[in-house]
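**Student:** Residue numbers (the numbering used here), protein chains in the order written: chain A, 683 to 1081; chain B, 683 to 1081. We put the beta carbon where it would ideally sit given N, CA and C, even for glycine. Keep in mind the model is a prediction, meaning the values are calculated, not measured.
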């Protein structure tokens, strides 16, 4: 069956979704710039909300605050700050959020407001500073660009996308998202915050189901440095304002927007220059395919070989061998894009093929395909190279 | 009971052990230098030999060649080459070793000779070049320094140690070792080769047992970059020439020599400037203590924070939280050496304490102690910082 819907990109991110507002302001947490550090997204009517949070045991205070609301709660307000993660701050960190939300409620009527934070771990939020933002923020604005830029940390560009989904018969709905993330990205979420809003009339049950699937197929497949943060959060809010919905169309649009955001994070991987897909196929089962693929996208030696544009397939093979999956050097094959670079019959790289491999590695993105040759299972994860810049950014992060 | 033995260091490494010979020569695999690339260790009488090999599924050809000998075999000859790992070379890689050993046997009588290789993966050994070495090597020399330098790859200094163990009553034995390793070091061995020789009259059973324990307490506790190579090998050879032995003394000497070599590898971690012990205590069980400790010594964010000398305990806490062990931010404490840097009651770093932390982090080595506060189990692993140099060395390794 042909799909009876279309998905078209839109400019201006969050501004496209009916009944939502957003804005950001600089309250001085990010000094000497007009780039915001506190942002909000609100809806004029109550929204269903679905969330996926970090697997880190030390979940940050905003995540704990969120989880205090009863299951299935509705909200109309998300507050976000950069520069301070409000993580490892204990009960006090949660109380700080309550104080901030009390101040908010004196400015505007909100229901079950939630918060997200990103930045340095172990410091209390500057509550007075943050509440001072409520005097300046325009609660009826649609400043998607400002919001997208306000949530950035080491990001070098804002991450903002929107799509219009036409269902035919003049029925349509929109979906939009802003997202931040650059380093500390691991296939168990990432230091990333992602806020997705839609006016589709999607049932809560579908929201939960599709957000989980899409997270597994996007943010959980990328690796910048193998670390998993205390604050990782993906929120999906729907206010049903369009009154239209189609599950297949929504699923495709959500997966598309989340996958594209994940690739933007990877391209923005701290100091990264290359985006590489690590496709492992022919594994005994999906768990093994995933294990090997994830080992590749996390390996320092693979990452530095990518940075050096060295067609050293030995590091690929060694990483697969070290991953602990069933494998055999006689059945394994390795391709860079379509170029066979290792097989049992063909082990040593001749000059000509090495030249071809160099060309492939010089591209901004390419695929490494490892066929284990022992089964039918496959998994693809996505990684980037490791450059001097990564070390510099992360050695100097707090200063 | 006081120990009734003494362990004293000796100069000149392998040369101290009765009945062993060693030498090295440059056959042009390492161009434009008089540093050797082929070395040997031989004993004038047959030795018992114990081995620990890499856990990588793709074991290199020399390891497979070793394993073709019957269990409990004895040998009198170890040949080592640098610059070529003879890994992922299939049956041909093993045949190449057989050809090399046939050529060796036409020069000198040897029994069950074994080989070790380190270097680039995926290239056949230059058999003719290597056999040409047999014309030049002095099979009756004791050139420990030459052998130690010949097995180096990205090592910046040779690793060579020897100890004399005095048992009293004019009884003594010696133990000596050479070792190589710098990058690709992971708590599942390392890209490292280690050759330990002794004239102690140690039973084969004790050799196997003590080598396994000592490996777990030395090479398996260090991490440079979390990768595990195809070639990792630790060999222990004993020719019993001294006729003396004491199990407790041998155990202590073996652990000492292997732990010191492991620390030398870590200090030589590619581009590394700092050696850090990650002590995790108060964990529910040893497996969890090990998991958290290993996560710390492998974390890119922790490693770059060490390089940046940033007392950012948030990355330590986040890594423990991400490791998946049972933990609670209310029971956790973190110390840098003796300085309390995080506890439930004491979360935010004041200026004074931050200054003290900076001082500790400026040292060449220090200890990070994380008390999980939930049990009695502990584990210590050892790591180093990640510097620009690491990226440079590994981006340019093959060229």
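1. Is residue 1013/B close to chain A, meaning its C-beta is less than 7 angstroms from at least one C-beta of that chain?
2. Could you check the C-alpha separation between residue 822/A and residue 703/A for me, to the nearest Å?
3. With 16 as the cutoff for other CB atoms within 10 Å, does residue 872/B come out buried or exposed?
4. Which partner residues does residue 730/A have in the DSSP bridge list?
5. Using the rule of at least 16 other Cβ atoms within 10 Å of the residue's Cβ for burial, across every protein chain shown, is residue 901/B buried or exposed?
6. Give, in chain order, every residue of the segment 822 to 846 of chain A whose Cβ lies closer than 7 angstroms to some Cβ of chain B.
7. Contact criterion: CB-CB distance below 7 angstroms. Does residue 1043/A meet it with respect to chain B?
8. Rounded to a whole number of angstroms, what is the C-alpha to C-alpha distance between residue 783/A and residue 758/A?
9. Taking only beta-carbon atoms, is residue 1030/B less than 7 angstroms away from chain A?
10. Thinking just about the alpha-carbon of each residue, which of 924/B, 951/B, 950/B and 918/B is nearest to the one in residue 937/B?
11. Whether or not the segment 729 to 740 of chain B and the segment 923 to 936 of chain B are in contact is what I'm after, with contact meaning three or more pairs of Cβ atoms, one per stretch, closer than 8 angstroms; do they touch?
12. Taking contact to mean at least 3 C-beta pairs separated by less than 8 angstroms, is the segment 1017 to 1025 of chain B in contact with the segment 735 to 748 of chain A?
13. My assumption, with CB atoms under 8 angstroms, is that residue 1065/B sits in contact with residue 960/B. Please give the rounded CB distance.
14. Kindly identify the DSSP beta-bridge partner or partners of residue 1085/A.
15. Quick check for students: name the residue ranges of the beta strand (DSSP E) that lie wholly in the segment 783 to 833 of chain A, counting only runs of 3 or more.
16. Any C-beta of chain B within less than 9 angstroms: which residues of the segment 735 to 761 of chain A qualify?
17. Helix, strand or coil: which one does DSSP assign to residue 915/A?
18. Mind the definition here: the segment 876 to 890 of chain B touches the segment 840 to 856 of chain B only if three or more C-beta pairs lie below 8 angstroms; say whether that holds.
19. Distance cutoff 7 angstroms, beta carbons only. Does residue 805/B sit that close to anything in chain A?
20. Any idea what DSSP makes of residue 686/A, helix, strand or coil?
21. Could you check what DSSP says for residue 856/A in three-state terms: helix, strand or coil?
22. When you compare each of 1048/A, 1013/A, 1035/A and 956/A to residue 1027/A by their alpha carbons, which one comes out closest?
23. Are the C-beta of residue 996/B and some C-beta of chain A separated by less than 7 angstroms?
24. List the residues of chain A whose Cβ lies closer than 8 angstroms to the Cβ of residue 710/B, in chain order.
25. Give me the Cα-Cα distance between residue 941/B and residue 896/B, rounded to the nearest whole angstrom.
26. Less than 7 angstroms between the beta carbons of residue 711/B and residue 761/B, yes or no?
27. Just checking: is the beta-carbon of residue 687/B within a distance shorter than 7 angstroms of some beta-carbon in chain A?
28. In the DSSP assignment, what are the bridge partners of residue 1020/B?
29. Determine the DSSP secondary structure at residue 699/B, reduced to helix, strand or coil.
30. For residue 864/A and chain B, any beta-carbon pair shorter than 7 angstroms?
31. Identify whether residue 993/A lies in helix, strand or coil by the three-state DSSP scheme.
32. Look at residue 965/B and residue 1057/B and say whether their C-beta atoms are less than 7 angstroms apart.
33. Can you confirm whether residue 1066/B, when its beta carbon is compared against all beta carbons of chain A, has any partner nearer than 7 angstroms?
34. What's the call for residue 788/A, buried or exposed, on a 16-neighbour Cβ count within 10 Å?
35. For residue 705/A, which residues does DSSP report across the bridge?
36. Give the residues of chain B in contact with residue 1009/A, contact being defined as C-beta atoms less than 7 angstroms apart.
**Tutor:** Taking the geometry as given:
1. On the second chain, position 331 is the one that residue 1013/B refers to. By this cut-off, residue 1013/B is not an interface position.
2. Here the question's residue 822/A lines up with position 140 in the first chain. Here the question's residue 703/A lines up with position 21 in the first chain. C-alpha separation (whole angstroms): 6 angstroms.
3. On the second chain, residue 872/B is found 190 positions in, with the first residue counted as 1. Summary for residue 872/B: the model assigns pLDDT 44, below 50, so the residue's position carries little reliability, and this model does not support an answer.
4. Looking up residue 730/A in the first chain gives position 48. According to DSSP, residue 730/A bridges with 756/A and 920/A.
5. As a first step, residue 901/B must be located in the second chain, where it is residue number 219. Burial call: buried.
6. none
7. Walking along the first chain from the start, residue 1043/A turns up at place 361. Judged by the 7 angstroms Cβ criterion, residue 1043/A is not in contact with chain B.
8. On the first chain, residue 783/A is found 101 positions in, with the first residue counted as 1. On the first chain, residue 758/A is found 76 positions in, with the first residue counted as 1. The alpha-carbon atoms of residue 783/A and residue 758/A are separated by roughly 13 angstroms.
9. As a first step, residue 1030/B is located in the second chain; it is residue number 348 there, counting from the start. Chain A contact via Cβ: present.
10. Numbered from 1 along the second chain, position 255 holds the residue referred to as residue 937/B. Selected option, being the one with the closest Cα: 918/B.
11. Segments in contact, no.
12. no
13. For the purposes of this step, residue 1065/B is taken as the residue at position 383 of the second chain. For the purposes of this step, residue 960/B is taken as the residue at position 278 of the second chain. Contact holds; Cβ gap of about 6 angstroms.
14. There is simply no residue 1085/A to check, as chain A begins at 683 and stops at 1081 in what is shown.
15. 796 to 799
16. Residues of the segment 735 to 761 of chain A that bring their beta carbon within less than 9 angstroms of a beta carbon in chain B comprise 736, 737, 738, 739, 740 and 741, in sequence order.
17. Locating residue 915/A in the first chain gives position 233, counting from the first residue. Correct three-state label for residue 915/A: strand.
18. Segment contact: the segment 876 to 890 of chain B against the segment 840 to 856 of chain B, three or more CB-CB distances shorter than 8 angstroms; contact assigned.
19. By 1-based counting over the second chain, the position of residue 805/B is 123. Chain A, which has a Cβ nearer than 7 angstroms to the Cβ of residue 805/B, makes this yes.
20. As a working note, residue 686/A is residue 4 in the first chain. Looking at residue 686/A - three-state DSSP - the assignment turns out to be coil, as it is neither helix nor strand.
21. What you label residue 856/A is simply residue 174 of the first chain in a count that begins at 1. It is a strand residue.
22. Stepping through the first chain from its first residue, residue 1027/A is reached at position 345. Residue 1027/A has its Cα closest to that of 1013/A, out of 1048/A, 1013/A, 1035/A and 956/A.
23. Sequence index remark: in the second chain, residue 996/B carries index 314 (1-based). For residue 996/B, the answer is yes, since a Cβ of chain A falls inside 7 angstroms of its Cβ.
24. By 1-based counting over the second chain, the position of residue 710/B is 28. Ordered by position in chain A, no residue passes the 8 angstroms Cβ test against residue 710/B, which lies about 19 angstroms from the chain.
25. The residue you call residue 941/B lines up with position 259 of the second chain. The residue you call residue 896/B lines up with position 214 of the second chain. Taking the straight line from one Cα to the other gives about 8 angstroms.
26. Counted from its first residue, the second chain places residue 711/B at position 29. Counted from its first residue, the second chain places residue 761/B at position 79. Contact flag unset, no.
27. As a working note, residue 687/B is residue 5 in the second chain. Not an interface residue.
28. For the purposes of this step, residue 1020/B is taken as residue 338 along the second chain, with counting starting at 1. Residue 1020/B pairs with nothing; no bridge assigned.
29. For the purposes of this step, residue 699/B is taken as residue 17 along the second chain, with counting starting at 1. It is coil, neither helix nor strand.
30. Walking along the first chain from the start, residue 864/A turns up at place 182. Residue 864/A does not count as touching chain B.
31. Within the first chain, the letter at position 311 stands for residue 993/A. Coil.
32. Mapped onto the second chain, residue 965/B falls at position 283. Mapped onto the second chain, residue 1057/B falls at position 375. In contact: residue 965/B and residue 1057/B (Cβ atoms closer than 7 angstroms).
33. Translated into positions along the second chain, residue 1066/B becomes position 384. Judged by the 7 angstroms Cβ criterion, residue 1066/B is not in contact with chain A.
34. Working through the first chain from its first residue, we reach residue 788/A at position 106. Exposed, by the Cβ-count rule.
35. Counting from one through the first chain, the residue named residue 705/A turns up at place 23. According to DSSP, residue 705/A bridges with 722/A.
36. Within the first chain, residue 1009/A is the residue found at index 327, counting from 1. What residue 1009/A touches in chain B: 739.
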